[in-house]
Amino acid sequence: MWRKLYERLREKLWKRYRIELIDDVTMRQSRYLVLKPITVVGAVALLVLGIVLSTAAFVLLTPAFHRLIPGYQDPKKFEAERVEMAQQLTNMEQQIERWSFYIESLRKLAGVTDSLPEFSQDRLDAYRREQTAGGEEALPAAPPPSLPAPAAPAPAPAGSGLPLVRVSRQMPELLSPLEGKVRRGFDPQAGHYGVDIAAPEGSLIRAAAGGYVIVSEYSEANGWVLGIAAPNDLLIFYKHNQRLLKPVGSYAAAGEPVAVIGNTGENSTGPHLHLELWRQGRPVNPADFITFGL
Numbered sequence: 247m248w249r250k251l252y253e254r255l256r257e258k259l260w261k262r263y264r265i266e267l268i269d270d271v272t273m274r275q276s277r278y279l280v281l282k283p284i285t286v287v288g289a290v291a292l293l294v295l296g297i298v299l300s301t302a303a304f305v306l307l308t309p310a311f312h313r314l315i316p317g318y319q320d321p322k323k324f325e326a327e328r329v330e331m332a333q334q335l336t337n338m339e340q341q342i343e344r345w346s347f348y349i350e351s352l353r354k355l356a357g358v359t360d361s362l363p364e365f366s367q368d369r370l371d372a373y374r375r376e377q378t379a380g381g382e383e384a385l386p387a388a389p390p391p392s393l394p395a396p397a398a399p400a401p402a403p404a405g406s407g408l409p410l411v412r413v414s415r416q417m418p419e420l421l422s423p424l425e426g427k428v429r430r431g432f433d434p435q436a437g438h439y440g441v442d443i444a445a446p447e448g449s450l451i452r453a454a455a456g457g458y459v460i461v462s463e464y465s466e467a468n469g470w471v472l473g474i475a476a477p478n479d480l481l482i483f484y485k486h487n488q489r490l491l492k493p494v495g496s497y498a499a500a501g502e503p504v505a506v507i508g509n510t511g512e513n514s515t516g517p518h519l520h521l522e523l524w525r526q527g528r529p530v531n532p533a534d535f536i537t538f539g540l
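In structure tokens, the structure reads:
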């Protein structure tokens with residue numbers, strides 16, 4: 247009985263069948279195909295086997311799926327990884343809080359208590375087009391972010407009596423940010439922690455030292471304020487500007503244009519630059535490190 251059933255099944259599986267395609271309009275045979283049932287069964291079996299093997303390989307080679315398989319991964323190892331990831335997340339949150347506090351401290355130091363919309367690169371592009379169209383000096387392209395080599399320390403004048411910070415490390419070489427006349431000097435007793443340099447409106451203000459921009463915002467009291475962190479814990483602030491040419495996070499090389507002199511802010515009485523130098527949390531006299539014009 248079983249033998250007859252096997253022979254009958256074998257006969258049907260190995261029997262040749264002809265599949266014809268006939269044109270419905272002309273009733274002519276266009277194509278035909280000769281198949282054996284065993285061929286179709288073999289092809290389907292190979293297809294199913296390929297799908298199963300591919301799925302198994304995908305699951306085994308993808309670590310993310312291992313946690314979804316009960317008993318595949320050690321629960322203790324999984325818990326240890328979860329605790330480690332939670333600790334890393336906590337450390338990142340603490341780091342973000344410290345940086346937020348640091349940035350807020352810098353903003354308060356710069357006198358920035360309220361801000362307008364953030365700086366846009368379009369501001370720099372528009373100013374370059376204006377300078378080029380007017381036949382004036384075009385702004386140069388920014389060089390790669392490499393810090394300048396520190397220069398020899400510049401000692402403060404003897405007997406000055408100013409509350410300068412003791413220079414324990416070399417100060418970077420400082421350049422004059424623009425050509426103009428010093429209208430008011432450094433007077434910390436009167437709350438004037440910088441120098442005021444008068445120059446024609448629209449003059450370019452250049453970076454006194456290379457560094458990264460940490461403040462590029464607007465303040466009601468100080469107008470458009472730009473702050474640069476230079477090497478050796480030196481912070482340089484440029485206040486009362488008409489325009490800012492550098493966004494936060496960008497690098498400004500020494501001598502590169504960073505702002506345009508203006509008359510913005512409630513504390514400004516005319517076109518000038520208020521330049522402040524801070525080191526180790528205390529103001530220093532810019533005139534002790536920068537040679538200004540007469």
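Using my numbering, you'd call the opening residue of the sequence shown number 247 and step up by one each time. Backbone N, C-alpha and C fix where the C-beta goes; we use that ideal spot for every residue, glycine too.
- By the Cβ criterion, the stretch 444-455 is in contact with the stretch 507-514, since at least three pairs of Cβ atoms, one from each stretch, lie closer than 8 Å.
- For Arg489, the enclosing beta strand (DSSP E) starts and ends at Leu480 to Leu490.
- DSSP assignment within the stretch 259-323 yields the following whole beta strand (DSSP E) runs of 3 residues or more, N-terminal first: 263-268 and 275-281.
- In the DSSP assignment, Tyr439 falls outside any beta strand (DSSP E) and carries neither an H nor an E.
- Thr336 has its alpha-carbon roughly 46 Å from the corresponding atom of Leu424.
- For Ala445, the CB contacts under 6 Å within the same chain, skipping 5 residues up- and downstream, are Leu424, Gly426 and Ile507 in chain order.
- Contact check for Val441 against Leu521 passes: the beta carbons are separated by less than 8 Å.
- The three-state reading of DSSP puts Ala454 in coil, since its state is none of H, G, I, E or B.
- A residue is called buried once 16 or more other Cβ atoms fall within 10 Å of its Cβ, and Pro517 is buried on that count.
- In the structure shown, Ile342 adopts helical secondary structure according to DSSP, grouped into three states.
- Taking the Cα positions, Leu279 is about 18 Å away from Val290.
- In the structure shown, Val329 falls within a helical segment according to DSSP collapsed to helix, strand and coil.
- C-alpha of Gly495 to C-alpha of Gly501: approximately 18 Å in a straight line.
- Under the three-state reduction of DSSP, Leu420 is assigned to coil, being neither helix nor strand.
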